[in-house]
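Have a look at the structure below before the remarks.
In the numbering used here, the protein residues as written are 650 to 1013.
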């Protein structure tokens, strides 16, 4: 069995909200690259390489890394995933977003060859239904409350309120959303590193606690681990690392030093399914909570995230695996999102396939 070809397709998908914004950027478009790995028996495995400029992975930079890395795959046995991914790590340091696209495509191809879902490659499903956590991008408090209501009407029960480091404005956003959705739905906040002062972060989170916040994600800069630990000790809710958990080494430090209560795991950020699975095991061994963070992009990315989440019984909270529902168009189909719950599929591979209109080939 050999890899005969690797094709890379640009993925530019408009969001329903053209003014979508968070603390680090604003974009009305979901950008990335689809990796299609073809074998000599006519199968194709698909993966998605996210464009994530705030992680140092700009759009053309990810493409350049993919062009370099995928040349190594020609003629190789796609079943040797561990060997291939280790070789890519030796060839190029970092570039986890590109490596994630390749890793996911290899796993998808292997699972399709065996006729099983990807989660079977990681021990099989422990969970088949996933409550979704949906993002509320930065807007006025009234507009964020309005967006929360629209999502709640679709069955969503968990919300991530994006904030941007201005204490009173951020607290007003949280207050407005809580007033709109009532006391029974779940709220989280995500500062995306925007509080430059530890004292401001603690002050903001203390005020927000009055509105029953389940967790606060990455309140201070990712390189301020001392500050992050201070916030964790002082804040009255769970404090979670996201941007600070950008590699397995970094996850190990966060867990070993007890810097945070929880870690947001993302396959694009960590370099694929294998490393994200390893990160979850590190968290579990160290007594730090974990879940699948924002897999923002097409259904293809969410499908891989869901397959891994299914094999991780230790996930403690709602996962962010349904942001594809906020796209104006998507090139993928196969997942069922019903009343705020994403359902595991038993279809082979990651569970999704390109639509007939998608600009990429389908398996024979």
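All C-beta atoms, glycine included, are put in the ideal place defined by N, C-alpha and C.
Check                                                                                                                                                                                : Outcome
Classify residue 992 as buried or exposed, calling it buried when 16 or more other Cβ atoms lie within 10 Å of its own Cβ.                                                           : exposed
Cα separation between residue 984 and residue 926?                                                                                                                                   : 22 Å
Residue 980 to residue 692, Cα distance in whole Å?                                                                                                                                  : 19 Å
Please report the Cβ distance between residue 708 and residue 736, rounded to the nearest whole angstrom; I am assuming they are in contact, meaning their Cβ atoms lie under 8 Å.   : The Cβ separation is near 25 Å, so there is no contact.
Quick check on residue 720: does DSSP put it in helix, strand or coil?                                                                                                               : helix
Write down every uninterrupted run of the alpha helix (DSSP H) in the region 803-854 whose length is 4 residues or greater and which is fully enclosed by it, in chain order.        : 816-830
Less than 8 Å between the C-beta atoms of residue 823 and residue 847, yes or no?                                                                                                    : no
Can you confirm whether residue 971, when its beta carbon is compared against all beta carbons of chain C, has any partner nearer than 8 Å?                                          : Chain labels in this structure do not include chain C; a single protein chain is all it has.
In this structure, does DSSP put residue 891 in helix, strand or coil?                                                                                                               : coil
Alpha carbon to alpha carbon, what distance is there between residue 964 and residue 900?                                                                                            : 16 Å
At which residues does the alpha helix (DSSP H) containing residue 749 begin and terminate?                                                                                          : 745-763
Could you say if the region 917-925 and the region 943-960 meet the contact criterion of at least three C-beta pairs nearer than 8 Å?                                                : yes
Where does residue 966 fall in DSSP's three states?                                                                                                                                  : coil
Evaluate residue 862 with the Cβ neighbour count: other Cβ atoms within 10 Å of its Cβ, from every protein chain shown; 16 or more gives buried, anything less gives exposed.        : buried
Just to confirm the assignment: which complete beta strand (DSSP E) runs, minimum length 3, are found wholly within the region 879-963?                                              : 887-890, 911-914 and 938-941
For residue 997 and residue 761, which I take to be in contact (beta-carbon distance under 8 Å), what is that distance rounded to the nearest angstrom?                              : 5 Å
Are the Cβ atoms of residue 755 and residue 686 separated by less than 8 Å?                                                                                                          : yes
Cutting at 7 Å between CB atoms, please list the residues of its own chain near residue 689, excluding the five before and the five after it.                                        : 650, 651 and 653
Spatial neighbours of residue 887 within its chain, please: C-beta separation below 6 Å, excluding the five flanking residues on both sides.                                         : 864, 910 and 911
Residue ranges of each beta strand (DSSP E) run of no fewer than 3 residues wholly in the region 971-1011, ordered along the chain?                                                  : 985-987 and 990-992
Using three-state DSSP, classify residue 792 as helix, strand or coil.                                                                                                               : helix
Grab the span of the alpha helix (DSSP H) containing residue 734 for me, first residue to last.                                                                                      : 730-740
Can you confirm whether the region 785-792 touches the region 662-677 when touching is taken to mean that 3 or more C-beta pairs between the two stretches lie within less than 8 Å? : yes
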